[in-house]
Amino acid sequence: MAQKRRNKAVDYTAYLALRMVTLVFHLFPIEWNLRAARRLGDAMWWIIGTDVPLLRKLIKRRHRDQIMENLRRSLGDRYSEGELAAIGKASCEHLVMFCMECFFTPRLVTLGTWRRHVRLKNFEEALRVLLQGRGAVLFTGHYGSWELAGFTLACLGFDTVAVMRPLNNPFINDYLLSIRERRGLKLLYKKGATAGAQEALASGAALGFIADQDAGRKGLFVDFFGRPASTQKSVAHAARSFGVPLIVGCARRISWDEFLYELEVADIIYPEDWAGQEDEIFYITQRFMKAQERMVLADPRQYLWLHRRWKTRPREEREAG
Numbered sequence: 014m015a016q017k018r019r020n021k022a023v024d025y026t027a028y029l030a031l032r033m034v035t036l037v038f039h040l041f042p043i044e045w046n047l048r049a050a051r052r053l054g055d056a057m058w059w060i061i062g063t064d065v066p067l068l069r070k071l072i073k074r075r076h077r078d079q080i081m082e083n084l085r086r087s088l089g090d091r092y093s094e095g096e097l098a099a100i101g102k103a104s105c106e107h108l109v110m111f112c113m114e115c116f117f118t119p120r121l122v123t124l125g126t127w128r129r130h131v132r133l134k135n136f137e138e139a140l141r142v143l144l145q146g147r148g149a150v151l152f153t154g155h156y157g158s159w160e161l162a163g164f165t166l167a168c169l170g171f172d173t174v175a176v177m178r179p180l181n182n183p184f185i186n187d188y189l190l191s192i193r194e195r196r197g198l199k200l201l202y203k204k205g206a207t208a209g210a211q212e213a214l215a216s217g218a219a220l221g222f223i224a225d226q227d228a229g230r231k232g233l234f235v236d237f238f239g240r241p242a243s244t245q246k247s248v249a250h251a252a253r254s255f256g257v258p259l260i261v262g263c264a265r266r267i268s269w270d271e272f273l274y275e276l277e278v279a280d281i282i283y284p285e286d287w288a289g290q291e292d293e294i295f296y297i298t299q300r301f302m303k304a305q306e307r308m309v310l311a312d313p314r315q316y317l318w319l320h321r322r323w324k325t326r327p328r329e330e331r332e333a334g
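Residue 131 in the working numbering sits at position 118 of the sequence shown, and the numbers go up by one each step.
What follows is the structure in structure tokens.
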């Protein structure tokens, strides 16, 4: 199917609007912006669950229902219905706060100031791996600040390459690229990234993936919160093909009033761990998704529950249904 041609005028207008909003953000301290973003997150939670006819026409899907369904099926045995709703609302607040923070990160996180905003947790072993300069694969998910982890490593001088999917709006895409690259983070587009990924790992760089979204029928089904979830194989393939460690971590918000995160390593999977496994790709993928599950459980408010993570079902479920 041919891709729908985009309207350049509309795209550029959206880009200009984003730049104007960003300019307004920078007129105020980050703490003020965080408070405003949190209130916008509250409004988002109300809007996505509203029954107001005019708003219902603008919202094609009951996003709040999607959030609550994911929460009930993942955490229903741990929290009450009211607590799940509070987590869902907080996840919207965090999402808006995270989006706003992306525009402040290059200004706030520098070689001289990163300690004010980033704490390291369980990071000693990962630092030893990275300092060896033999290459490593990094995995994080849509949890906490998935932009901050790679950005901080690049800021500290580690050769870091992140695999990304370009945005549909080319003007906004180029603008965000410039923000991400400001501290030395290198980026590869997901489509056709094989050669660049091979070059990065062969040179001893750290290759980062944000690869926890539904991978469709071509994905590998592994357990995530007690249900099979279609997951990309590329992370495991990259680590196994080059025989490099896979570092699983996240940047978790530790203050909702200021720009402060902890960069945590939840697991490191070494080549000797998967060597001899009956299905090495499955072993690696299942293990890093279990590590992500543990990270989410530490503060479920920061996970992207809005995403339809379990959208694709295994063949046996589809045939039975």
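Backbone N, C-alpha and C define an ideal beta-carbon position, used for all residues, glycine too.
For residue i and residue j, what's the separation of their Cα atoms in angstroms?
| i | j | result |
| --- | --- | --- |
| ARG52 | ARG314 | 15 Å |
| ASP227 | SER247 | 13 Å |
| PRO179 | ALA27 | 16 Å |
| ASP172 | ALA333 | 48 Å |
| GLY170 | ILE60 | 42 Å |
| ARG307 | ALA279 | 8 Å |
| PRO42 | ARG75 | 34 Å |
| GLU285 | GLY256 | 9 Å |
| TYR296 | VAL23 | 45 Å |
| PHE38 | ALA30 | 12 Å |
| TRP127 | TYR156 | 20 Å |
| ARG121 | LYS203 | The amino acid occupying residue 121 in the given sequence is Leu; Arg does not appear at that position. Those two C-alpha atoms are separated by around 28 Å. |
| GLY205 | GLY95 | 45 Å |
| ASN182 | GLN305 | 30 Å |
Report the residue from the options whose alpha carbon sits nearest the alpha carbon of residue i.
| i | options | result |
| --- | --- | --- |
| GLU44 | ASP312, HIS320, THR325, GLU271 | GLU271 |
| ILE223 | THR244, LEU144, SER191, GLU277 | THR244 |
| ARG266 | VAL309, THR35, SER254 | VAL309 |
| TRP287 | ASP90, ARG253, ASP312 | ARG253 |
| ILE294 | VAL235, GLU277, GLU329, ALA242 | VAL235 |
| ARG129 | PHE164, ARG321, ARG240, TYR274 | TYR274 |
| TRP323 | ALA213, ILE80, THR118 | ILE80 |
| ASN46 | LEU200, ASP90, MET110 | MET110 |
| LYS35 | VAL122, ILE192, GLU329, SER93 | Sequence check: residue 35 is Thr here, not Lys. Here the closest residue by C-alpha is ILE192. |
| GLY217 | ILE185, PRO183, LEU144 | LEU144 |
| GLU195 | LYS134, GLY205, GLY289, PHE117 | A quick correction: the sequence has Arg, not Glu, at residue 195. Selected option, being the one with the closest Cα: PHE117. |
| VAL174 | ALA49, GLY125, ALA162 | ALA162 |
| ARG32 | LEU84, THR63, ASP187, LEU214 | ASP187 |
| CYS263 | ASP292, GLY62, PHE38, THR165 | THR165 |
| PRO119 | TYR92, GLY101, CYS168, MET302 | CYS168 |
| GLY101 | ASP90, ARG300, PHE136, TRP58 | TRP58 |
| ARG10 | THR123, GLY239, ARG230 | Outside the shown range of the chain, which is 14 to 334, sits residue 10, and nothing can be said about it. |
| THR123 | ASN182, GLY197, LEU88 | GLY197 |
| ALA341 | GLU212, GLU329, GLY62, ARG48 | Outside the shown range of the chain, which is 14 to 334, sits residue 341, and nothing can be said about it. |
| ARG86 | GLY239, TYR316, ARG326, TYR283 | GLY239 |
| GLU82 | LYS21, GLY54, ARG321 | ARG321 |
Within its chain, find whatever has a CB closer than 6 Å to the CB of residue i; leave out the 5 residues flanking it on each side and keep chain order.
| i | result |
| --- | --- |
| SER104 | ARG314, TRP318 |
| GLU160 | CYS115 |
| GLY146 | GLY217 |
So that I know if they touch, is there some Cβ in chain C lying closer than 8 Å to that of residue i?
| i | result |
| --- | --- |
| GLU293 | No chain C is present in this structure, which holds just one protein chain. |
For residue i, I'd like the list of residues in its chain whose CB is within less than 8 Å of its CB, leaving aside the five on either flank, ordered along the chain.
| i | result |
| --- | --- |
| VAL142 | ALA149, PRO258, ILE260, ILE281 |
| GLU138 | VAL278, ILE281 |
| MET302 | ASP225, VAL235, ASP236, PHE237, ALA242, THR244 |
| ALA210 | VAL174, VAL176, LEU201, LEU220, ALA251 |
| ASN135 | GLU277, VAL278, ALA279 |
Quick one: residues in its chain with C-beta nearer than 7 Å to the C-beta of residue i, no 5 flanking neighbours on either side, listed in chain order?
| i | result |
| --- | --- |
| ASP78 | none |
| ALA376 | A query on residue 376 cannot be resolved here, the shown segment of the chain reaching from 14 to 334 and no further. |
| LEU88 | LEU97, PRO313 |
Residue i and residue j look like a contact to me (Cβ under 8 Å); what is the Cβ gap, rounded to whole Å?
| i | j | result |
| --- | --- | --- |
| LEU151 | LEU220 | 7 Å |
| ALA249 | THR207 | Incorrect: roughly 15 Å between the Cβ atoms, too far for contact. |
| VAL176 | LEU201 | 5 Å |
| GLY154 | ASP64 | Their Cβ separation, rounded to whole angstroms, is 32 Å, which puts GLY154 and ASP64 out of contact at 8 Å. |
| VAL131 | LEU233 | Actually they are not in contact, since the Cβ atoms of VAL131 and LEU233 sit about 32 Å apart, beyond 8 Å. |
Ignoring anything shorter than 4 residues or poking outside the stretch 114-182, list the alpha helix (DSSP H) runs there in chain order. 118-121, 137-144, 161-168
Where in the stretch 231-273 do unbroken runs of the alpha helix (DSSP H), each at least 4 residues long, occur, reported from the N-terminal end onward? 247-255
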